[in-house]
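A.B. asks: Pasting in a structure now, in structure tokens, and then I'll have a few things to ask.
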Amino acid sequence: MGSFSRNPEEDSISDQTVDQPQRRRFGFVRSVDDRMVAGLSGGIADVLEIEVVYVRAAFVSLAFAGGVGLLLYGVLWVLSLDEIPAERVDVMRERFAARLPRQRLALWILFAGVFLTLRSMGSWFGDSLVWSATFISFGFALTWSRVDPSRRSRWATQTFVGEGGNWRSVALRIMAGGVFMTGGLAIYLNSVDAYALVGSVSLAVGLTIAGILLIFGPWVWRLVGQLGAERGERIRSEERAEMAAHLHDSVLQTLALMQRTDDPKSMSMLARQQERELRGWLYGPEPSADGETMRSALESSAARLESAHQVPIDVVVVGDAPMDEAVRALVAAAGEAITNAAKHSGAGLISVFAEAADGTADVFVSDQGCGFVLDGTDPDRKGVSESIVGRMERAGGEAVISSGPGEGTEVHMSVRIT
Amino acid sequence: MIDVFLVDDHQLFLSGVKAELSEVFALAGVSSDVDDAIEQIRSTLPDVVLVDVHMPGGGGLAVVNAVLETNPDIKFLALSVSDAAEDVIAMIRAGARGYVTKSIAPSELADAIRRVNDGDAVFSPRLAGFVLDAFADTVPAPTDPELDQLTSREREVLRLIARGYAYKQVATKLSISVKTVESHVSAVLRKLQLSSRYELARWASDRRIV
Numbered sequence: 021m022g023s024f025s026r027n028p029e030e031d032s033i034s035d036q037t038v039d040q041p042q043r044r045r046f047g048f049v050r051s052v053d054d055r056m057v058a059g060l061s062g063g064i065a066d067v068l069e070i071e072v073v074y075v076r077a078a079f080v081s082l083a084f085a086g087g088v089g090l091l092l093y094g095v096l097w098v099l100s101l102d103e104i105p106a107e108r109v110d111v112m113r114e115r116f117a118a119r120l121p122r123q124r125l126a127l128w129i130l131f132a133g134v135f136l137t138l139r140s141m142g143s144w145f146g147d148s149l150v151w152s153a154t155f156i157s158f159g160f161a162l163t164w165s166r167v168d169p170s171r172r173s174r175w176a177t178q179t180f181v182g183e184g185g186n187w188r189s190v191a192l193r194i195m196a197g198g199v200f201m202t203g204g205l206a207i208y209l210n211s212v213d214a215y216a217l218v219g220s221v222s223l224a225v226g227l228t229i230a231g232i233l234l235i236f237g238p239w240v241w242r243l244v245g246q247l248g249a250e251r252g253e254r255i256r257s258e259e260r261a262e263m264a265a266h267l268h269d270s271v272l273q274t275l276a277l278m279q280r281t282d283d284p285k286s287m288s289m290l291a292r293q294q295e296r297e298l299r300g301w302l303y304g305p306e307p308s309a310d311g312e313t314m315r316s317a318l319e320s321s322a323a324r325l326e327s328a329h330q331v332p333i334d335v336v337v338v339g340d341a342p343m344d345e346a347v348r349a350l351v352a353a354a355g356e357a358i359t360n361a362a363k364h365s366g367a368g369l370i371s372v373f374a375e376a377a378d379g380t381a382d383v384f385v386s387d388q389g390c391g392f393v394l395d396g397t398d399p400d401r402k403g404v405s406e407s408i409v410g411r412m413e414r415a416g417g418e419a420v421i422s423s424g425p426g427e428g429t430e431v432h433m434s435v436r437i438t
Numbered sequence: 026m027i028d029v030f031l032v033d034d035h036q037l038f039l040s041g042v043k044a045e046l047s048e049v050f051a052l053a054g055v056s057s058d059v060d061d062a063i064e065q066i067r068s069t070l071p072d073v074v075l076v077d078v079h080m081p082g083g084g085g086l087a088v089v090n091a092v093l094e095t096n097p098d099i100k101f102l103a104l105s106v107s108d109a110a111e112d113v114i115a116m117i118r119a120g121a122r123g124y125v126t127k128s129i130a131p132s133e134l135a136d137a138i139r140r141v142n143d144g145d146a147v148f149s150p151r152l153a154g155f156v157l158d159a160f161a162d163t164v165p166a167p168t169d170p171e172l173d174q175l176t177s178r179e180r181e182v183l184r185l186i187a188r189g190y191a192y193k194q195v196a197t198k199l200s201i202s203v204k205t206v207e208s209h210v211s212a213v214l215r216k217l218q219l220s221s222r223y224e225l226a227r228w229a230s231d232r233r234i235v
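Protein chains in written order, with my numbering: chain A, 21 to 438; chain B, 26 to 235.
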């Protein structure tokens with residue numbers, strides 16, 4: 021990856037490595053999901069199939085070499101493509117794949133060459149600083165590169181060791197990385213003549229902790245990230261399964277049922293019932309812990325009567341009231357009024373409006389059906405009317421029925437609530 | 026003849042409504058995409074836009090907001106399978122003059138379009154219920170009583186609509202003219218759009234609107 025830190029060589033390298041003479045300018049790509057600054061290192065690493073930490077280490081080292089790394093990063097950032105389609109990455113990888121091992125070596129040598137050239141040119145922040153930065157960053161890269169991030173290992177051991185890896189090589193890498201980092205630190209401390217300070221216990225402890233963090237931090241970081249990702253994935257798949265199960269039990273069953281029905285009326289009732297259920301499931305409130313209220317009791321009673329009598333019932337509720345004896349009577353009386361309308365009015369729709377406010381609960385059950393003469397002789401009607409009125413009076417409320425032939429019917433029931 | 030524009034991303038529903046409405050109205054155009062709809066509405070300048078609430082790319086809300094910014098005269102009637110309170114209130118507050126669910130009968134839809142075109146509001150029983158709920162009398166007098174409270178007449182009108190009464194029946198019941206009913210409903214719509222009422226804001230945030 022070293023070569024890509026060098027702008028002038030860029031064209032010559034890509035020309036050598038690619039056979040097609042008419043190839044377009046090498047497009048650096050910036051990685052979207054693996055980025056610390058602009059994702060440039062991630063993009064380069066992606067194409068070369070090397071660990072991104074090495075690319076970063078190279079940039080860091082060069083940054084200390086007179087700021088060349090920073091400059092290069094900026095230039096490459098401007099030259100790079102914003103985001104690359106996956107197939108483009110694959111094409112680039114293919115071009116590099118055959119010569120990859122040799123090329124990697126070449127890139128390293130080039131990196132070293134440029135590094136030393138810069139040194140002899142004097143573009144340098146001083147030996148001790150550059151060398152210690154280089155040692156520390158590559159030591160860090162060495163320890164951090166153990167695990168391939170693309171591997172999704174389920175268990176901690178796999179996370180630490182990586183697929184196909186073993187503890188021995190891991191330990192070797194940590195040790196090598198540790199030695200590099202310690203060496204880099206030593207060079208730096210030596211240069212600032214800080215050995216005297218190392219004598220102080222707090223500094224020693226601090227340095228030890230910093231070293232441990234440098235070595236083990238990435239592991240912990242990655243482990244946490246992987247666990248989070250796995251947990252998220254598990255939750256998502258559970259949700260999917262739950263939703264699939266629900267849709268299967270409800271919507272798919274209803275759709276199957278509808279295909280077996282010839283009667284348009286029952287078809288639309290099925291659709292309505294299913295719609296209500298699905299709506300309740302999607303938008304409805306969670307079943308509340310404090311049990312039934314006037315709203316929920318009315319809605320479920322209307323839903324039950326709707327499927328029993330195959331007449332659409334629209335329920336609108338304003339406010340709410342807790343269930344007590346009076347409200348229970350109100351809901352029951354409303355149920356009778358709905359049944360009455362469904363059986364006798366012939367209306368295509370029954371409207372239910374309930375409002376609980378200012379110490380009173382009102383329910384209106386209206387239809388635009390045939391209506392009836394209030395003092396009429398229809399015993400069925402009369403009986404139901406009386407049972408509604410009687411029930412409401414026993415609960416300390418009242419019921420008023422207004423109707424007339426051809427005018428539709430409206431039953432207004434009300435009780436006092438606490 | 027009223028120029029009607031349809032915006033809906035469900036082709037099946039779109040073609041159904043198109044067939045129903047083309048007999049009664051002039052069809053200015055159809056679109057099933059938010060950006061395309063905004064562009065087409067701005068160039069065809071229909072009288073009424075029938076807009077679906079749930080669409081990819083911002084939904085009906087984006088269409089209403091964008092068009093009303095440049096063409097405040099175009100009237101919107103929101104149409105949706107969902108009559109969840111948050112959808113209803115969000116569309117009305119954005120400037121739609123009415124809200125009907127997709128299960129509405131064709132003749133009622135035509136009525137609603139005519140009414141919206143005349144500058145009136147279209148309140149379904151359910152929407153009337155939502156509004157009554159939102160303007161419930163449970164909080165102390167808010168800052169702007171003019172905007173933040175419904176008059177008792179408006180409340181009566183809404184209650185009757187919530188009980189399933191048509192505008193004409195409401196007028197008969199209250200012994201007022203249909204025009205008066207319509208002006209009450211339009212006043213409620215205005216309050217719903219402009220009110221900063223605490224209760225309305227809280228009600229909205231409870232339902233994750235704002």
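For each residue, glycine too, the CB sits at the ideal point set by N, CA and C. These numbers come from a predicted model, not from an experiment.
Let me know if L31 (chain B) comes out buried or exposed under the rule of 16 or more other beta-carbons within 10 Å of its beta-carbon.
C.D. replies: It is buried - the Cβ of L31 (chain B) has at least 16 other Cβ atoms within 10 Å.
A.B. asks: Of all the residues that make up the stretch 340-354 of chain A, which are near chain B by a beta-carbon distance shorter than 9 Å?
C.D. replies: So nothing in the stretch comes that close.
A.B. asks: If V72 (chain A) sits next to G62 (chain A), beta carbons under 8 Å apart, how far is it from one beta carbon to the other, in whole angstroms?
C.D. replies: Their Cβ separation, rounded to whole angstroms, is 5 Å, which keeps V72 (chain A) and G62 (chain A) in contact under 8 Å.
A.B. asks: What separation, rounded to the nearest whole angstrom, lies between the Cα atoms of K363 (chain A) and R436 (chain A)?
C.D. replies: Looking at the two C-alpha atoms, the distance is approximately 29 Å.
A.B. asks: Would you mind stating whether F384 (chain A) and R118 (chain B) have Cβ atoms separated by less than 7 Å?
C.D. replies: No, the Cβ-Cβ distance between F384 (chain A) and R118 (chain B) is not below 7 Å.
A.B. asks: Suppose the cutoff is 7 Å on Cβ atoms and the five residues either side in sequence are ignored; what does the same chain contact list for L162 (chain A) look like?
C.D. replies: So the list reads R193, A196, G197 and F200, once near-sequence residues are dropped.
A.B. asks: Is the number of C-beta pairs between the stretch 43-52 of chain B and the stretch 131-138 of chain B that are closer than 8 Å three or more?
C.D. replies: Enough Cβ pairs lie closer than 8 Å, so yes.
A.B. asks: For chain A, check one thing: does any of its Cβ atoms lie closer than 7 Å to the Cβ of G85 (chain B)?
C.D. replies: With 7 Å as the cut-off, G85 (chain B) does not count as an interface residue toward chain A.
A.B. asks: Does the beta carbon of S434 (chain A) come closer than 7 Å to any beta carbon on chain D?
C.D. replies: You won't find chain D in this structure, because its protein chains are A and B.
A.B. asks: Hey, A376 (chain A) and M314 (chain A) are a contact pair by Cβ (cut 8 Å); roughly how many whole angstroms apart?
C.D. replies: Correct: roughly 6 Å between the Cβ atoms.
A.B. asks: By the 8 Å beta-carbon criterion, what residues does the stretch 149-162 of chain B contribute toward chain A?
C.D. replies: Cβ contacts with chain A: P150, R151, A153, G154, L157, D158, A161 and D162.
A.B. asks: Should Q279 (chain A) be labelled buried (16 or more other beta-carbon atoms within 10 Å of its own) or exposed?
C.D. replies: Exposed: under 16 other Cβ atoms inside 10 Å.
A.B. asks: Please classify K204 (chain B) as buried or exposed, where buried requires at least 16 other C-beta atoms within 10 Å of its C-beta.
C.D. replies: Classification of K204 (chain B): exposed, given that the 10 Å Cβ count is below 16.
A.B. asks: What in chain B is Cβ-close to S316 (chain A), meaning under 8 Å?
C.D. replies: Per Cβ cutoff of 8 Å: no residues; S316 (chain A) is ~15 Å from chain B at best.
A.B. asks: Using C-beta distances below 8 Å, list every residue in its chain close to I63 (chain B), excluding the 5 sequence neighbours before and after it, in chain order.
C.D. replies: Within the same chain, I63 (chain B) has close Cβ partners A87, V88, A91 and V92.
A.B. asks: Excluding the 5 residues preceding and the 5 following A419 (chain A) in the sequence, name in chain order all residues of the same chain whose CB lies nearer than 6 Å to its CB.
C.D. replies: I408, V409, M412 and M433.
A.B. asks: Between R188 (chain B) and chain A, is any beta-carbon pair separated by less than 7 Å?
C.D. replies: Taking Cβ atoms only, chain A reaches closer than 7 Å to R188 (chain B), which makes this a yes.
A.B. asks: On the DSSP bridge list, what partners appear for M201 (chain A)?
C.D. replies: According to DSSP, M201 (chain A) bridges with nothing at all.
A.B. asks: Who are the neighbours of V338 (chain A) on chain B, taking C-beta pairs under 8 Å?
C.D. replies: Within chain B, the residues near V338 (chain A) are G154, L157, D158, A161 and A187.
A.B. asks: Any idea what DSSP makes of L102 (chain B), helix, strand or coil?
C.D. replies: Strand, per DSSP.
A.B. asks: Name the DSSP beta bridge partners of I207 (chain A), please?
C.D. replies: I207 (chain A) pairs with nothing; no bridge assigned.
A.B. asks: Nearest-angstrom Cα distance between R256 (chain A) and W301 (chain A)?
C.D. replies: Answer to the nearest angstrom: the Cα atoms are 18 Å apart.
A.B. asks: I need the straight-line Cα distance from F148 (chain B) to I27 (chain B), nearest angstrom please.
C.D. replies: One C-alpha to the other measures close to 20 Å.
A.B. asks: Report yes or no: is there a C-beta of chain B within less than 7 Å of the C-beta of S371 (chain A)?
C.D. replies: Yes, S371 (chain A) counts as interfacial toward chain B.
A.B. asks: In or out: P342 (chain A) buried (at least 16 other Cβ within 10 Å) or exposed?
C.D. replies: The residue is exposed, with fewer than 16 neighbouring Cβ atoms inside 10 Å.
A.B. asks: Relative to the alpha-carbon of F135 (chain A), which residue among A:A357, A:A83, A:L247 and A:L272 has its alpha-carbon at the smallest distance?
C.D. replies: Selected option, being the one with the closest Cα: A:A83.
A.B. asks: What's the C-alpha gap between V240 (chain A) and R67 (chain B)?
C.D. replies: Between V240 (chain A) and R67 (chain B), the C-alpha separation is close to 56 Å.
A.B. asks: Consult DSSP for R414 (chain A) and reduce its assignment to one of helix, strand or coil.
C.D. replies: It is helical.
A.B. asks: Shortest alpha-carbon distance to F373 (chain A) belongs to which of B:S200, B:L157 and B:E179?
C.D. replies: Comparing Cα-Cα distances from F373 (chain A) to each of B:S200, B:L157 and B:E179, the minimum goes to B:L157.
A.B. asks: Starting from the Cα of P97 (chain B), find the closest Cα among B:I186, B:A103, B:H209 and B:V73 and give me that residue.
C.D. replies: Nearest of B:I186, B:A103, B:H209 and B:V73 to P97 (chain B), Cα basis: B:V73.
A.B. asks: How close, in whole Å, do the beta carbons of S105 (chain B) and H79 (chain B) come, if the pair is a contact with beta carbons under 8 Å?
C.D. replies: Correct: roughly 6 Å between the Cβ atoms.
A.B. asks: For a cutoff of 7 Å on Cβ pairs, would you count S386 (chain A) as touching chain B?
C.D. replies: Yes, because at least one Cβ of chain B sits closer than 7 Å to the Cβ of S386 (chain A).
A.B. asks: Tell me whether K193 (chain B) is buried or exposed, calling it buried when 16 or more other Cβ atoms sit within 10 Å of its Cβ.
C.D. replies: Answer is exposed; the Cβ neighbour count stays below 16.
A.B. asks: I'd like to confirm the pairing. Which residues does DSSP put opposite P342 (chain A) in its beta bridges?
C.D. replies: P342 (chain A) is bridged to A:T313.
A.B. asks: Closer than 8 Å by beta-carbon distance: list the chain B residues that pair up with D282 (chain A), in chain order.
C.D. replies: Within chain B, no residue comes near D282 (chain A); the closest Cβ sits about 21 Å away, beyond 8 Å.
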